[in-house]
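Numbering (the UniProt record's numbering), first residue to last: 1 to 62.
Glycine included, every Cβ here is placed at the ideal spot set by N, Cα and C.
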């Protein structure tokens, strides 16, 4: 988790809160493509390949 940038952490918090990319983009004032890029980067940094794996890591179960 320490590897994530502050923006990636914001995106992660909203993903964990079950917000779709469009809503995340609106909340953060960025494009949907940028949200997708942040999600991809954080999944690579955390070494996960799916949303359920990401949720486990984010919630401390993985």
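Q | Minimum C-alpha distance to residue 39 - residue among 21, 56, 3 | A | Counting from 1 along the chain shown, the entry for residue 39 is found at position 39. The option with the nearest alpha carbon to residue 39 is 21.
Q: Determine the direct distance from the alpha carbon of residue 42 to that of residue 35, and round the result to whole angstroms.
A: Residue mapping note: residue 35 aligns to position 35 of the chain shown, counting from 1. Residue mapping note: residue 42 aligns to position 42 of the chain shown, counting from 1. In this model, residue 35 and residue 42 are separated by some 11 Å (Cα to Cα).
Q. If we count the other Cβ atoms within 10 Å of its Cβ and call it buried at 16 or more, is residue 11 buried or exposed?
A. Here residue 11 is taken as the residue at index 11 of the chain shown, counted from 1. Residue 11 is classed as buried because its beta carbon has at least 16 other beta carbons within 10 Å across all chains shown.
Q: For the UniProt domain "HTH luxR-type" (1-62), list the alpha helix (DSSP H) runs that are entirely contained and at least 4 residues long, ordered along the chain.
A: The UniProt domain "HTH luxR-type" (1-62) contains these whole alpha helix (DSSP H) runs: 6-16, 21-28, 32-46, 51-58.
Q: State buried or exposed for residue 17, treating a residue as buried only when at least 16 other CB atoms are found within 10 Å of its CB.
A: Your numbering for residue 17 matches position 17 in the chain shown. Residue 17 should be labelled exposed.
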